[in-house]
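In UniProt numbering, the protein residues as written are 1 to 206.
Taking it in order: structure first as C-alpha cells, then the write-up.
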C-alpha cells in the first residue's frame, strides 16, 4: 500500500489554515480514495511531550503506521508500527525511547503515540494510517517552541452606503457602473489558501 500526501500551498503562513490532500494507491484496489485534511495545531514546549490519538471507526483496524512530515527538511519519516496486541516496531535511525505506541480496546479501538523531548526542528504534520483501511485520520500539526496566537477582540466595521445605479448602459453617470458577478472568485480564493509541495511515502509490509 502506497500513499501520497500533498500539502497544498507552500506560501501559507497561517498554520491553522494549512490543509493537506492525501491520496492512497493500492495495487489490490482500483479505487483511489482521497480527502482534504486540516490537522489540529499543537503548540508544544521545547523538550515537551504530546500524546496523539488515532481512532478506528470499528474493530477491524489490527495494525497502524505512525508517520510524520517534517516541515524544515520536507521529508516524511516512518515512526512506529503498532498492532492490536500492542507490539511495536520503530523506524530506522529513530530514538525509540522518545516514541511510544500503544492501543486500547473498548467500544472502539484507539491507538496512541506519546512523543517526548520535542525540538524546534521537529515541526510538522504527525498522523497515522490503518493498514487495512483506505482512510487516514486528520492528524496533528505540532509546532515546538511556538506560542499560541493571541485572540484579538472582534472589530465592528461600519457599512458604507451602497450607491444604487439607476441608469442606462449607454449613458452612465459618473460613479455608476454595471454590477458584474463572478461566481468562481470565492472558489479560487479558497483553493489559493489550501495549495502546497508534494511528498511521497511507501508504507512497509509487516
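Quick reminder that beta carbons are idealized off the backbone N, C-alpha and C, glycines included.
Unbroken beta strand (DSSP E) runs of no fewer than 3 residues, entirely contained in the UniProt domain "Ig-like" (33–128), are found at 34–37, 40–42, 50–55, 63–70, 75–83, 88–90, 99–105, 109–115, following chain order. With at least 16 other beta carbons inside 10 angstroms of its own, residue 139 counts as buried. By the Cβ test, the region 38–52 is in contact with the region 115–131, since at least three Cβ pairs between them sit closer than 8 Å.
From the listed residues 160, 159, 143, the smallest Cα separation to residue 72 is found for 143. A straight line joining the alpha-carbon of residue 137 with that of residue 154 spans about 32 Å. Sorting 156, 131, 122 by C-alpha distance to the C-alpha of residue 43 places 122 at the top. Setting aside the 5 residues that flank it on each side, residue 77 is surrounded in the same chain by 67, 68, 70, 91, each with a C-beta closer than 7 Å to its C-beta; the list follows chain order. Counting the other Cβ atoms within 10 Å of the Cβ of residue 106 gives fewer than 16, which makes it exposed. Between residue 81 and residue 89, the gap from beta carbon to beta carbon is short of 8 Å.
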